[in-house]
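The structure under discussion appears below in the form of structure tokens.
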Amino acid sequence: MSELKEIIIYTDGACKGNPGVGGWGALLVSGNYTKEIFGGEVLTTNNRMELMAVIEALQTLKQASRVLVYADSQYVLKGINEWLANWKKRNWRTSDNKPVKNVDLWQRLDALASQHEVQWIWVKGHAGHAGNERADELANKGVEQLLTQ
10 MSELKEIIIY TDGACKGNPG VGGWGALLVS GNYTKEIFGG EVLTTNNRME LMAVIEALQT
70 LKQASRVLVY ADSQYVLKGI NEWLANWKKR NWRTSDNKPV KNVDLWQRLD ALASQHEVQW
130 IWVKGHAGHA GNERADELAN KGVEQLLTQ
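The number in my numbering is simply the position in the sequence shown, starting from 1, with 9 added.
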């Protein structure tokens with residue numbers, strides 16, 4: 010069996026107004042290879058863009074990998090590490106029996122993450138972390154792309 014390739018992913022989402030025009034961005038690094046991706050939606054929320062950044066990054070991977078995901082979103086990290094298992098047990102309901110917000114994206118993220126060995130790492134946003142700063146720039150590029158169309 011071959012060793013899993015290690016991929017480092019930095020993600021971020023942005024929203025001008027919440028809800029409003031939003032963007033997501035991700036920087037993927039494997040050895041000396043880097044790839045930058047970004048996009049956006051006309052009417053969305055910051056949380057949806059944070060999720061989309063991770064989803065789009067994981068979707069680009071062509072094979073099972075060991076992945077380090079760096080994100081500044083407590084929503085994404087708590088969701089994946091703390092809330093997801095119980096949401097699934099409760100058929101995508103919260104502890105107070107309300108439907109999980111952004112369930113469509115959580116289900117996509119869950120399916121994609123299960124294909125890899127993922128370690129989730131929180132980084133403080135806007136604190137000078139180079140990978141996070143670049144992901145933020147890419148997310149804002151996603152917003153700008155929509156605003157200039």
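Think of the CB as a built atom: it goes at the ideal place given N, C-alpha and C, for glycine as much as any other residue.
Expected contact under 8 angstroms - CB spacing of residue i and residue j to nearest Å
i: I46; j: L118; result: Between L118 and I46 the Cβ distance is about 16 angstroms, and since that is not below 8 angstroms, they are no contact.
i: I130; j: V76; result: At roughly 10 angstroms, the Cβ-Cβ gap does not stay under 8 angstroms, so I130 and V76 are not in contact.
i: A73; j: H135; result: In fact, because the Cβ distance is near 33 angstroms, the residues do not count as touching under 8 angstroms.
i: T53; j: P28; result: 6 angstroms
i: A122; j: L67; result: 7 angstroms
i: L93; j: W115; result: 7 angstroms
i: R99; j: P108; result: Between P108 and R99 the Cβ distance is about 10 angstroms, and since that is not below 8 angstroms, they are no contact.
Own chain residues within Cβ distance below 8 angstroms of residue i, not counting five before or after
i: V152; result: A23, C24, K25, V30, G31, G32 and G49
i: L155; result: V30, G32, G49, E50 and V51
Where the beta strand (DSSP E) containing residue i begins and where it ends
i: W129; result: E126 to W131
i: W101; result: Per DSSP, W101 belongs to no beta strand (DSSP E) and is neither H nor E.
i: G34; result: G29 to S39
Residue i: first and last residue of the uninterrupted alpha helix (DSSP H) it sits in
i: D21; result: Run containing D21: none in the alpha helix (DSSP H); it sits in the beta strand (DSSP E), K14 to G26.
i: A122; result: V112 to A122
i: G151; result: A139 to L156
Cβ-based burial, residue i [other Cβ within 10 Å; buried from 16]
i: V85; result: buried
i: I89; result: buried
i: N141; result: buried
i: G34; result: buried
Own chain, CB closer than 6 angstroms to residue i, minus 5 neighbours either side, in chain order
i: S82; result: E59
i: D145; result: D21
i: V38; result: I17
Other residues of its chain near residue i: CB distance less than 7 angstroms, five sequence neighbours each side excluded
i: N56; result: Y84 and N111
i: H138; result: V132
i: N149; result: A23 and G32
Segments of 3+ residues assigned as beta strand (DSSP E) that fall wholly inside the segment 49-82 = Taken in chain order, the whole beta strand (DSSP E) runs of length 3 or more contained in the segment 49-82 are 74-80.
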